[in-house]
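This report concerns only the one structure given below.
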């Protein structure tokens, strides 16, 4: 899985450079997030602007990260959702679980 | 010759082939003549149900065995799309899973929900050497 990670003080942005987040690569995202949590980095923004397609396991990996960040008194927020990807969050009501922002700037300002 | 498009694909039992099969499903959505709704959305939905059904066959039914295969067939007529995904597993009660609705905080349990929600009819039956998940979508106006 290709990701780029940047640090802005106590906040990490993780940008997925993949067109799909599915059962093939969602475990890698989970592992990447766990690595960050173990390093004590618990305030995370995931930029999904390159992701054109997400399936149930991709959503599951994000929920896993969200729960892990929350249990460590941090937060996991999302930004850059394409229209079809966003509709999957709405269909599963996950748009009520995650804080979702248009871009990284808005997400950074929310912490 | 009847106006019907049929695609029959067998791929190794590996998740790296999900995108290939999903893409074929998307391309088929774009060949539909009589479809006036949001075609991009339909293409995504077909990609999604194929991805979910295949991932289920690969990881659960075929237990990630790389020596097995997944067989997918797509049959498109003027007003219906039929997708069949064959596995080599012991099967499961698809209706029991339908009853279970994932809570927003659940990490699992949304795959079958997507299939039931986005397709018009879904059956899961025993067949030679395993089971077949059949999903139909009608385009009748």
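Residue numbers (my numbering), protein chains in the order written: chain A, 1 to 111; chain B, 112 to 252.
We put the beta carbon where it would ideally sit given N, CA and C, even for glycine.
Note that the structure is predicted; figures quoted are calculated from it, not measured.
So, is residue i buried or exposed, given that buried needs 16 or more other C-beta atoms within 10 angstroms?
i, result
"residue 201 of chain B", "exposed"
"residue 24 of chain A", "buried"
"residue 20 of chain A", "buried"
"residue 34 of chain A", "exposed"
"residue 83 of chain A", "exposed"
"residue 219 of chain B", "exposed"
Near residue i, what residues of its chain come up, given a Cβ to Cβ distance below 6 Å and the 5 sequence neighbours on each side ignored?
i, result
"residue 117 of chain B", "186"
"residue 164 of chain B", "196 and 244"
"residue 172 of chain B", "198 and 200"
"residue 30 of chain A", "61 and 64"
"residue 41 of chain A", "12"
Below 8 Å on the Cβ atoms is my contact criterion, and I expect residue i with residue j to pass it. Report the Cβ-Cβ distance as a whole number of Å.
i, j, result
"residue 5 of chain A", "residue 14 of chain A", "5 Å"
"residue 70 of chain A", "residue 22 of chain A", "Not a contact, Cβ separation roughly 24 Å."
"residue 221 of chain B", "residue 213 of chain B", "5 Å"
"residue 160 of chain B", "residue 225 of chain B", "6 Å"
I'd like the list of long-range same chain contacts for residue i, defined as Cβ closer than 7 Å, with 5 residues on each side in sequence excluded.
i, result
"residue 205 of chain B", "223, 233 and 235"
"residue 80 of chain A", "47, 48, 49 and 103"
"residue 250 of chain B", "143, 145, 146, 190 and 191"
"residue 168 of chain B", "181, 196 and 198"
"residue 90 of chain B", "In this structure chain B extends from 112 to 252, so residue 90 of chain B is not present and cannot be described."
"residue 141 of chain B", "150 and 154"
Excluding sequence positions up to five away, which residues of its chain have a Cβ less than 8 Å from the Cβ of residue i?
i, result
"residue 85 of chain A", "48, 51, 52, 53 and 54"
"residue 97 of chain A", "63 and 66"
"residue 114 of chain B", "188 and 189"
"residue 59 of chain A", "88, 89, 92 and 94"
"residue 194 of chain A", "The requested residue 194 of chain A does not occur in the structure, where chain A is confined to residues 1 to 111."
"residue 8 of chain A", "108"
"residue 28 of chain A", "1"
"residue 170 of chain B", "126"
Roughly how many angstroms lie between the CA atoms of residue i and residue j, to the nearest whole one?
i, j, result
"residue 130 of chain B", "residue 38 of chain A", "31 Å"
"residue 188 of chain B", "residue 239 of chain B", "25 Å"
"residue 184 of chain B", "residue 162 of chain B", "13 Å"
"residue 43 of chain A", "residue 75 of chain A", "5 Å"
"residue 128 of chain B", "residue 149 of chain B", "26 Å"
"residue 95 of chain A", "residue 36 of chain A", "24 Å"
"residue 246 of chain B", "residue 132 of chain B", "15 Å"
"residue 248 of chain B", "residue 166 of chain B", "20 Å"
"residue 68 of chain A", "residue 101 of chain A", "20 Å"
"residue 17 of chain A", "residue 32 of chain A", "14 Å"
"residue 237 of chain B", "residue 72 of chain A", "46 Å"
"residue 105 of chain A", "residue 120 of chain B", "44 Å"
"residue 230 of chain B", "residue 178 of chain B", "30 Å"
"residue 134 of chain B", "residue 10 of chain A", "39 Å"
"residue 203 of chain B", "residue 174 of chain B", "13 Å"
"residue 176 of chain B", "residue 194 of chain B", "23 Å"
"residue 112 of chain A", "residue 217 of chain B", "Any answer about residue 112 of chain A is impossible in this case: the structure gives chain A only from 1 up to 111."
"residue 139 of chain B", "residue 151 of chain B", "12 Å"
"residue 124 of chain B", "residue 242 of chain B", "15 Å"
List, in order along the chain, the chain A residues whose C-beta lies closer than 7 Å to that of residue i?
i, result
"residue 170 of chain B", "23"
"residue 222 of chain B", "56"
"residue 219 of chain B", "60"
Who are the neighbours of residue i on chain B, taking C-beta pairs under 9 Å?
i, result
"residue 13 of chain A", "What residue 13 of chain A touches in chain B: nothing, since even the nearest Cβ is about 23 Å away."
"residue 50 of chain A", "The premise fails here: residue 50 of chain A is roughly 14 Å from chain B at the closest Cβ pair, so nothing lies under 9 Å."
"residue 64 of chain A", "218"
Output, in chain order, the set of chain A residues within a Cβ distance shorter than 8 Å of residue i.
i, result
"residue 158 of chain B", "53"
"residue 127 of chain B", "24"
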